[in-house]
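K.L.:
Numbering (our numbering), first residue to last: 183 to 397. All C-beta atoms, glycine included, are put in the ideal place defined by N, C-alpha and C. Quick caveat, the model's predicted, so the values are computed rather than measured. Below you'll find the structure I mean.
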Amino acid sequence: MNLIEELFSPFHTIAWEYISSFRSLHEILPGIHDFILSYPKTGFVEISEGVWSSSSAQIAETAMIMPPCIIDENAEIRHSAFIRGNAVIGKGAVIGNSVEIKNAIISDSAEVPHFNYVGDSILGYKAHLGAGAITSNIRLDKHEIIMHIDNQQIRTGLIKIGAFIGDRAEIGCNSVINPGTVIGHDAVIYPLSSVKGFVPSWTVFNGNGYVTNKY
Numbered sequence: 183m184n185l186i187e188e189l190f191s192p193f194h195t196i197a198w199e200y201i202s203s204f205r206s207l208h209e210i211l212p213g214i215h216d217f218i219l220s221y222p223k224t225g226f227v228e229i230s231e232g233v234w235s236s237s238s239a240q241i242a243e244t245a246m247i248m249p250p251c252i253i254d255e256n257a258e259i260r261h262s263a264f265i266r267g268n269a270v271i272g273k274g275a276v277i278g279n280s281v282e283i284k285n286a287i288i289s290d291s292a293e294v295p296h297f298n299y300v301g302d303s304i305l306g307y308k309a310h311l312g313a314g315a316i317t318s319n320i321r322l323d324k325h326e327i328i329m330h331i332d333n334q335q336i337r338t339g340l341i342k343i344g345a346f347i348g349d350r351a352e353i354g355c356n357s358v359i360n361p362g363t364v365i366g367h368d369a370v371i372y373p374l375s376s377v378k379g380f381v382p383s384w385t386v387f388n389g390n391g392y393v394t395n396k397y
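Structure representation (C-alpha cells):
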C-alpha cells in the first residue's frame with residue numbers, strides 16, 4: 183500500500199480517482215484546478231461562474247467562493263468563509279466562520295469550522311481542525327519545500343505545499359502544521375503544537391514527540 187492509500191480511504195471524495203492516480207502526495211496539488219474543470223458536473227448546479235454546488239449544500243450569503251470550486255452534498259459553508267478557488271468540498275464537510283480555503287481537497291465529513299487556513303492541502307475523511315489551526319504552505323525563505331517521510335527526503339520542486347492530513351485525524355486548537363507535513367490517519371495533535379515532517383497513523387503528537395498507543 184502506498185502512502186496515499188494509507189492516509190485516505192477510498193471514495194470519501196469525488197476526487198478519489200484523481201488522487202489515487204498519483205504515487206507521491208505533492209504531485210496531486212498542481213492539477214486540482216484542471217481536475218475540477220474536467221469533472222462531470224451532473225447533479226451539480228452552477229451557482230456562479232465556475233462554482234458548482236449540490237442543491238443540498240448550505241451556503242451562507244456572506245460566504246465568498248471563487249472559481250473553480252465544487253461543493254458536494256450536504257456540505258456547510260458558514261458565515262464569512264472564504265474559498266479562494268481550486269477547492270473540492272466534500273459531502274457533509276464544514277467550512278466555518280472566517281475560514282480560508284485555497285487549492286485544497288476537503289474530503290467528506292471533514293470539519294474546518296473556526297478561523298482556520300487550509301492552503302495547498304488535502305484533508306481526509308472526518309479529519310478535524312480545531313479553532314485557529316492552520317496549514318502553513320510556504321517557507322519563510324520561499325525556497326523549495328522538501329518533504330521528510332520515514333527518514334527520506336523528497337524534493338518536490340514546489341514552493342507551496344501545506345499539509346496532507348489523514349482520515350479522522352484530530353488537530354488541536356491553534357496548532358501550526360508546517361509546510362509539507364504529513365499526518366497519518368487517526369493521529370492526534372495536541373493544541374498549540376508546531377508540527378513538521380511526518381506524524382504516523384494512530385499516534386499522539388504532544389509537542390515533544392509521539393505516544394504510540396493512542397488509546
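Nearest-angstrom Cα distance between ILE353 and ALA315?
P.N.:
For the purposes of this step, residue 353 is taken as the residue at position 171 of the sequence shown. For the purposes of this step, residue 315 is taken as the residue at position 133 of the sequence shown. Taking the straight line joining both Cα atoms gives about 7 Å.
K.L.:
For chain C, is any of its Cβ atoms less than 9 Å away from the one on ALA239?
P.N.:
No chain C is present in this structure, which holds just one protein chain.
K.L.:
Can you grab the Cα-Cα spacing for the pair LYS223 / TRP234, in whole Å?
P.N.:
Position 41 of the sequence shown, counted from the start, is the residue given in the question as residue 223. Position 52 of the sequence shown, counted from the start, is the residue given in the question as residue 234. Straight-line Cα distance between these residues: approximately 7 Å.
K.L.:
Which class does ILE186 belong to by DSSP, given the choice of helix, strand or coil?
P.N.:
The sequence position of residue 186 within the sequence shown is 4, counting from 1. In this structure, ILE186 counts as helix in the three-state DSSP scheme.
K.L.:
Spatial neighbours of SER191 within its chain, please: C-beta separation below 7 Å, excluding the five flanking residues on both sides.
P.N.:
The residue given as residue 191 occupies position 9 in the sequence shown. Excluding positions up to five away in sequence, the list reads TYR307 and ASP349.
K.L.:
Within 10 angstroms of the Cβ of PHE226, are there 16 or more other Cβ atoms? Answer buried if so, exposed if not.
P.N.:
Position 44 of the sequence shown holds residue 226. PHE226 should be labelled buried.
K.L.:
Using the Cβ count rule (16 or more neighbours within 10 Å means buried), how would you classify THR244?
P.N.:
Here residue 244 corresponds to residue number 62 of the sequence shown, with the count starting at 1. So THR244 ends up on the exposed side.
K.L.:
Taking the beta strand (DSSP E) that ILE229 belongs to, which residues open and close that run?
P.N.:
On the sequence shown, residue 229 is found 47 positions in, with the first residue counted as 1. 227-230 is the extent of the beta strand (DSSP E) around ILE229.
K.L.:
Run through DSSP, which three-state label would TRP198 get?
P.N.:
To locate residue 198, count along the sequence shown from 1; it is residue 16. In the structure shown, TRP198 sits in a helix (DSSP, three-state: H, G or I).
K.L.:
Determine the extent of the beta strand (DSSP E) in which PHE346 is found, giving its start and end residues.
P.N.:
Locating residue 346 in the sequence shown gives position 164, where the first residue counts as 1. Element bounds for PHE346: 345-347.
K.L.:
Closest by CA to PHE346, which one among CYS355, ARG337 and MET329?
P.N.:
As a first step, residue 346 must be located in the sequence shown, where it is residue number 164. Of the candidates CYS355, ARG337 and MET329, the one whose C-alpha sits nearest the C-alpha of PHE346 is MET329.
K.L.:
Report, in whole angstroms, the separation of the C-beta atoms of SER383 and GLU188, which I expect to be a contact under 8 Å.
P.N.:
The sequence position of residue 383 within the sequence shown is 201, counting from 1. The sequence position of residue 188 within the sequence shown is 6, counting from 1. Their Cβ separation, rounded to whole angstroms, is 7 Å, which keeps SER383 and GLU188 in contact under 8 Å.
K.L.:
Assign PHE264 to one of three DSSP states: helix, strand, or coil.
P.N.:
Position 82 of the sequence shown, counted from the start, is the residue given in the question as residue 264. Strand, per DSSP.
K.L.:
Name the two residues that bound the continuous alpha helix (DSSP H) containing ILE214.
P.N.:
For the purposes of this step, residue 214 is identified with residue 32 of the sequence shown, where counting begins at 1. Per DSSP, ILE214 belongs to the alpha helix (DSSP H) from 214-220.
K.L.:
Going by beta carbon distance, what residues of the same chain come within less than 6 Å of GLU278, once the five residues before and after it are set aside?
P.N.:
One-based indexing of the sequence shown puts residue 278 at position 96. The question names Glu, but residue 278 is Gly in the sequence shown. Once the five neighbours on either side are set aside, the close Cβ partners of GLY278 are ARG260, PRO295 and HIS296.
K.L.:
Rounding to the nearest angstrom, what Cα-Cα distance links VAL270 and GLY389 in this structure?
P.N.:
If you number the sequence shown from 1, residue 270 lands on position 88. If you number the sequence shown from 1, residue 389 lands on position 207. Computed Cα separation, rounded: 31 Å.
K.L.:
The beta strand (DSSP E) that contains GLY278, what's its start and end?
P.N.:
Numbered from its first residue, the sequence shown carries residue 278 at position 96. 276-279 is the span of the beta strand (DSSP E), which, as asked, contains GLY278.
K.L.:
Helix, strand or coil for LEU311 per DSSP?
P.N.:
The sequence position of residue 311 within the sequence shown is 129, counting from 1. It is a strand residue.
K.L.:
Kindly indicate which three-state DSSP category GLU258 falls into: helix, strand or coil?
P.N.:
By one-based count along the sequence shown, residue 258 stands at place 76. GLU258: strand per DSSP, three-state reduction.
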